[in-house]
Structures are given as structure tokens and as C-alpha cells.
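To start, the structure under review is shown below, and the notes come after it.
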Amino acid sequence: GENVEQHPSTLSVQEGDSAVIKCTYSDSASNYFPWYKQELGKRPQLIIDIRSNVGEKKDQRIAVTLNKTAKHFSLHITETQPEDSAVYFCAASRAGGGNKLTFGTGTQLKVEL
Amino acid sequence: DSGVTQTPKHLITATGQRVTLRCSPRSGDLSVYWYQQSLDQGLQFLIQYYNGEERAKGNILERFSAQQFPDLHSELNLSSLELGDSALYFCASSAQGASNQPQHFGDGTRLSIL
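Residue numbers (our numbering), protein chains in the order written: chain L, 1 to 113; chain S, 1 to 114.
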């Protein structure tokens, strides 16, 4: 089955700096890659997603890049703010057989003042 | 607010018992998903329903079962509960059941087994 690896497990940045979180996936049939932000005790919140026919997608301070050949995708957050502090999860879903999401293990992002 | 409603928010019960978790999807969404989140296992997919039919299955235990009703709400039944079943159980929904559909999560049910 699909396996998604996520790095780093913790990331500490200064306010205003950029943060990058990387994920790799194993199933070449995966075609959908969402990113979720989860604050302590809250639900995972979809912040951005990318489909396999696109190499990059941007939404204000957040961007995601996808390299299908290398089977990895990354989340980029620019101009980080304290409210960006949370756990971020990457996920992958393969074509066919429903829409099961396989999640990475999460990255605890801390934005320090 | 994601529009996905889960009840109850908290559930405390004992080993060997049975519980039912309920989920109402966002208006217009036909597909419902159940995920389990625990400290040691992370976020794990359990099962997906689309318009009343099972669409995909993860590593869901035989003690667990689910269904989606004609009004599209879903229930997850957990029986013969064990201490290790303590976790956050999330429901998510999407418009359709195919891959590449954004899934929106509810606030979850926190299950504690004593």
C-alpha cells in the first residue's frame, strides 16, 4: 500500500522566515496531495492541495510543489506568523478505489517571536 | 466551521463496551470518511462510504463497523472496546467519492476507554 514519509518532525523558525516541509510517497498511482493544518485539540484543516497534473500551486503565503518523477512534494510557508504554529500533515490519495488519504506523520511547526 | 457535524464530542466508557459515533456530512457532499488519530498511529484511514455504499476500506478492525444511511449521515460502531481504542475519531466528507476530492473534517469525537 501507499506509504508517505514526512520531514522534519519538528521545525522552529523565527517570525517572518520561511518554512519548508517535505513529503515523499511510494505509490506512483497517487494523484492527489493535500496538506492539512491541525492546531492542538482541533480538527485537521485543509490549507492547500495539488493534483498530479500540476507542478506548483500557490495561495497567498502558502505554496505546494510536486515532483512526480521523484515522488515528493513540499509545503512552503513564507513570512511566517505566530498563528502558523501548528502540526502540518501531508497526505496522498491514489487514483481508483475511492479517495483514501494516507497521511504523513506530521510536522510540529513553531514560529517564534 | 467545516460543515461536518460529529456527535458526541467526548465519550468515556469501559473496556468491553460498545459505542456509536455519528457524523453528518457537509450539505451536498455524498461521500463520508472515518479516520482514527492516536499518538502512536497518527491519522489512519478506516473506511469510506459514497452515497450509501462502501467505497474503500483501510485497516479497520473487525470489531468496528460503519454504515451510511439514505439521508447520508454515517455511524461508526465500535464494539468490545479495548484500552487501545482510545483515540480521536474524525469524520470527513467530500462532494464525490473519487480520488482528488478535497476532504473536510469534522471536529472529532474523543473516545476514552477506562
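C-beta atoms are modelled at their ideal positions from N, C-alpha and C, and glycine is treated no differently.
- Bounds of the beta strand (DSSP E) holding ALA92/L are 86-94.
- For GLY42/S, the chain L residues whose C-beta falls within less than 9 Å of its own C-beta are PHE89, PHE103, GLY104, THR105, GLY106, listed in chain order.
- Residues of the stretch 95-114 of chain S with a Cβ closer than 7 Å to any Cβ of chain L, in chain order: GLY97, ALA98, SER99, ASN100, GLN101, PRO102, GLN103, HIS104, PHE105, GLY106, ASP107, GLY108.
- In the three-state reduction of the DSSP assignment, ASP59/L falls in the strand class, which pools E and B.
- Interface with chain L (8 Å Cβ-Cβ cutoff): GLN48/S is included.
- In terms of CA proximity to VAL111/L, THR10/L leads the group THR10/L, SER74/L, ARG43/L.
- Non-local C-beta neighbours of LEU11/S in its own chain, meaning closer than 8 Å and more than five positions away in sequence, comprise VAL19, LEU21, THR109, ARG110, LEU111, SER112, ordered along the chain.
- Residues of the stretch 35-46 of chain L that bring their beta carbon within less than 8 Å of a beta carbon in chain S comprise TYR36, LYS42, ARG43, PRO44, GLN45, LEU46, in sequence order.
- Taking C-beta atoms under 8 Å as the contact rule, TYR49/S and SER31/S qualify, at a distance of about 7 Å.
- Taking CB atoms only, ARG26/S has no neighbour in chain L less than 8 Å away.
- In the DSSP assignment, no residue is bridged to GLU62/S.
- The C-beta of SER93/L has 16 or more other C-beta atoms within 10 Å across all chains shown, which makes the residue buried.
- Distance check between SER74/L and each of ASP84/L, VAL13/L, PRO34/L, ALA29/L places PRO34/L closest, using alpha-carbon atoms only.
- The beta carbon of GLY96/L sits closer than 8 Å to some beta carbon of chain S.
- Ranked by Cα distance from CYS23/S, the options SER86/S, GLN101/S, GLN17/S, TRP34/S are led by TRP34/S.
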